[in-house]
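So for the sequence shown, the working numbering puts the first residue at 50; every next one is plus one.
Data block below; observations after.
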Amino acid sequence: MSAQEIAAENKLDALPEATGDGDIGVKRCDNPYKKWYSVSAKTNYHVPSWWNGTSYKDGPGGTMTVEVLKAGKIAVELSGNVSAEAGIILSKAKAEFGIKVVPEVGVTVGHRYSREIKSGRYGHMQYGSWGYKTNWTKWETSADRCGKKKLGSGTAKMPTKEVGWRYWETRS
50 MSAQEIAAEN
60 KLDALPEATG
70 DGDIGVKRCD
80 NPYKKWYSVS
90 AKTNYHVPSW
100 WNGTSYKDGP
110 GGTMTVEVLK
120 AGKIAVELSG
130 NVSAEAGIIL
140 SKAKAEFGIK
150 VVPEVGVTVG
160 HRYSREIKSG
170 RYGHMQYGSW
180 GYKTNWTKWE
190 TSADRCGKKK
200 LGSGTAKMPT
210 KEVGWRYWET
220 RS
């Protein structure tokens with residue numbers, strides 16, 4: 050997105066949220082009709098790979114050694130109550146937070162990792178991308194062009210080019 054497009058959407062994002070049917074009435078404003086996304090609440094997030102050979106459990110206790118056995122890709126994951134466009138949400142997150150997210154990252158075979166598991170515990174390892182999770186909202190200009198109307202919202206899990214193993218332990 051260009052700096053002008055971001056500035057225009059930020060102006061619309063500052064509009065008050067419309068109530069009812071979009072405040073249809075006598076008053077009209079000169080804001081353009083537009084649909085746009087806003088992003089918020091960026092947190093660090095391990096975007097897991099879900100194909101066979103990238104998730105393991107071992108124990109109790111001992112040493113756990115894992116290796117990526119299959120090449121694949123880790124892509125942005127969107128969830129929500131309306132459809133969303135991943136490319137737009139990625140570009141908004143890059144502009145808003147200055148993060149280096151990508152639509153997908155390739156994983157190659159061979160990344161090996163070892164960990165000691167505490168006695169009586171089970172070790173878990175999941176391969177993935179060290180990315181980000183953010184909330185997104187889809188808006189449109191209200192019917193009178195004086196406010197904004199929420200169309201839906203959800204979350205986006207966005208990968209970066211940094212990939213690796215996430216490790217945790219459980220009692221069972």
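Ideal Cβ placement from N, Cα and C applies to all residues, glycine included.
Beta-carbon contacts of residue i that lie in its chain and below 7 Å, excluding the five residues immediately before and after
i	result
Val41	Absent from the model: residue 41. The displayed extent of the chain is 50 to 221, so no value can be given.
Arg77	Asp193, Arg194
Pro65	Gly196
Residue from the options with nearest C-alpha to residue i
i	options	result
Tyr176	Glu58, Met207, Tyr216	Tyr216
Met113	Lys84, His173, Thr92	His173
Trp85	Ser140, Asn101, Gly108, Glu126	Ser140
Asn93	Glu134, Glu211, Arg220, Arg161	Glu211
Burial state of residue i, where buried means 16 or more other Cβ atoms lie within 10 Å
i	result
Thr68	exposed
Val131	exposed
Tyr181	buried
Met198	Per the sequence shown, residue 198 should be read as Lys rather than Met. Under this definition Lys198 is a buried residue.
Cβ-based neighbour list, residue i, same chain, cut-off 6 Å, excluding 5 preceding and 5 following
i	result
Asp107	Met113, Gly172
Glu126	Lys206
Pro97	Gln175, Gly177
8 Å Cβ shell around residue i - same chain, five flanking residues per side excluded
i	result
Gly149	This sequence places Lys at residue 149; Gly is not what is there. Around Lys149: Lys143, Thr209, Lys210.
Lys167	Gly110, Glu218
Are the region 185–192 and the region 83–97 in contact at 8 Å, needing three or more beta carbon pairs?
-> Judged by Cβ distances under 8 Å, the region 185–192 makes contact with the region 83–97, as three or more pairs qualify.
Enumerated in chain order, which unbroken segments of the beta strand (DSSP E) with a length of 3 residues or greater are wholly contained in the region 94–144?
-> 104–107, 111–116, 121–124, 126–129
Let me know the beta strand (DSSP E) ranges lying completely inside the region 139–181, each 3 residues or longer, listed in chain order.
-> 153–156, 161–166
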